[in-house]
Amino acid sequence: MIRYAKPTTVDEALALLGGGAWRILAGGTDFYPAQGSKPFRDNVLDINGLTALRGIAETGSHWIIGARTTWTDIIRHPLPPAFEALKQAAREVGSPQIQNVASVAGNLCNASPAADGVPGLLVLDAEVELRSAAATRHLPLSAFILGNRRTALRPGEMLTAIHVPKPAGTSAFVKLGARRYLVISIAMVAVRLVAENGTVAQAAVAVGSCSAVARRLAGVEAALRGLPLDAGLVAAVRSAPMAELQPIADVRGSAEYRLDAVREIVARAALEAAGKPTDDKVAA
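Mapping the sequence shown onto our numbering, position 250 (from 1) lands on 345, and the numbers just tick up by one.
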């Protein structure tokens, strides 16, 4: 017999997870389309009643995003300029109706290579909080998503929060899709720059939809450091190594097209983060 449970406390949810195999239902915007018309074969743990897991809090050293925080919550919350890439990505998660219910943690646990929220969180050095009835552990986001639809979640665990160390700088997000709205990305990038005396002191660059897991680009980050905040950023991006990327060819674009396109949108995002806006945030 298939079981359905809707706990009202985190402890109750963790106790249920520790007692058997459950499929977690958060916002449901990925859950129900994936289920389709097939009969349910897994126990369903509905966490939409866990109000303690929704919201954004500030501590002395971190911003903490609850697992059930929606993309609309991200858009509306007053966050520092370094979060701008994440806010821009939030506006590209489906439609406003989806943004109102889809959870940030669900976007991570779904582990799609095209998950819009991942690059913006990678450039913020985010880590995830994973809880079970027995323990709590933290992992860098880069170590949590292991591959297409694969995460480091252990049996009995649930992602309960995302922790972001208080970040400096400004950021930007650019997404390339076949149309302007409601589109799975061909490629997407987030860039965060920290400037000192008109030059790049720190750079963080992440690319999604061009490998099984969204990746930080160490070669591009190194190429940007020390440069003035001007058009020279574009030349640096176009010549920097991007060895981390291994794009596939599919109906949305060839691997070669993705590699060419990603250099252009990384350059756009770098200019935007440097305060020199270019075009639309989504290239169609």
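In this text, a Cβ means the ideal position worked out from N, Cα and C, and glycines have one as well.
These numbers were taken from a predicted model, which means no experiment stands behind them.
Problem set entry | With 16 other Cβ atoms within 10 Å as the buried cut-off, status of L120 | Buried is the call here.
Exercise. Taking three-plus beta-carbon pairs below 8 Å as touching, is the stretch 137-146 in contact with the stretch 170-184?
Worked result: No: the two stretches stay apart, fewer than three of their Cβ pairs being nearer than 8 Å.
For this session: Put T246 into one of helix, strand or coil per three-state DSSP.
Result: T246 falls in the strand class under three-state DSSP.
For this session: Provide the residue span of the alpha helix (DSSP H) that contains V315, from first to last.
Result: Following the DSSP letters along the chain, one finds V315 inside the alpha helix (DSSP H) bounded by residues 313-319.
Exercise. For E224, which residues does DSSP report across the bridge?
Worked result: Paired residues: H233, A256.
Exercise. Taking the alpha-carbon positions, what's the I257 to N143 distance?
Worked result: If I take the Cα positions, the gap works out to 17 Å.
For this session: Quick one: which unbroken beta strand (DSSP E) runs of 3-plus residues sit fully inside the stretch 107-177? Chain order, please.
Result: Fully enclosed beta strand (DSSP E) runs of 3 or longer: 118-120, 139-141, 151-153, 157-161.
For this session: Give, in chain order, every unbroken run of the alpha helix (DSSP H) that is at least 4 residues long and sits entirely within the stretch 321-366.
Result: Counting whole runs of 4 or more residues, the stretch 321-366 contains the alpha helix (DSSP H) stretches 327-334.
For this session: Kindly list the residues whose CB is nearer than 8 Å to the CB of G212, restricted to its own chain and excluding five residues on each side of it in sequence; keep chain order.
Result: Contacts found: W166, L181, A184, A185, V188, V199, N202, L203.
For this session: Assign S156 to one of two classes, buried (16 or more other C-beta atoms within 10 Å of its C-beta) or exposed (fewer than that).
Result: Residue environment for S156: exposed (fewer than 16 other C-beta atoms within 10 angstroms of its C-beta).
Exercise. Mind checking whether V308 and I360 have CB atoms under 7 Å apart?
Worked result: No, the Cβ-Cβ distance between V308 and I360 is not below 7 Å.
Exercise. So, helix, strand or coil for G215, using DSSP?
Worked result: Helix at G215.
Problem set entry | 8 Å CB neighbourhood of A338 in its chain, flanking five on each side removed | Only G314 meet the Cβ criterion.
Exercise. Thinking C-beta only, is I160 closer than 7 Å to I151?
Worked result: Inclusion of I151 and I160 in the CB contact set at 7 Å is warranted, their separation being smaller than that value.
For this session: Could you give the DSSP three-state label for E179: helix, strand or coil?
Result: Reduced to three states, the DSSP call for E179 is helix.
Problem set entry | Neighbour-count burial assignment, R232, 16 or more Cβ in a 10 Å radius | It counts as exposed.
Exercise. What residue does the alpha helix (DSSP H) around V188 start on, and which one ends it?
Worked result: Secondary structure note for V188: it is in no alpha helix (DSSP H), with a DSSP letter that is neither H nor E.
Problem set entry | Reduced DSSP category for G201 - H, G, I as helix; E, B as strand; rest coil | Of the three classes helix, strand and coil, the one that applies to G201 here is helix, per DSSP.
For this session: Check each candidate in A238, Q297, V278, R249 and name the one with the smallest Cα separation from A369.
Result: In terms of Cα proximity to A369, the closest of A238, Q297, V278, R249 is Q297.
Exercise. DSSP three-state call for A368: helix, strand or coil?
Worked result: In the displayed model, A368 falls within a helix according to three-state DSSP.
Exercise. What is the residue span of the beta strand (DSSP E) that S266 lies within?
Worked result: Residues 265-271.
Exercise. In the DSSP assignment, what residue or residues form a beta bridge with T294?
Worked result: E291, P323, per the DSSP bridge assignment.
Problem set entry | Top-ranked residue by Cα proximity to T294, from G242, A301, L322 | Comparing alpha carbon positions, the residue from G242, A301, L322 closest to T294 is L322.
Exercise. In this structure, what does DSSP give as the bridge partners for I240?
Worked result: Its beta-bridge partners are T246.
Problem set entry | Residue burial classification, I97 (beta-carbon count within 10 angstroms, cutoff 16) | Only exposed fits I97, as fewer than 16 other CB atoms lie within 10 angstroms of its CB.
Problem set entry | Cβ distance (whole Å) where A206 is taken to contact R163 below 8 Å | In fact, because the Cβ distance is near 18 Å, the residues do not count as touching under 8 Å.
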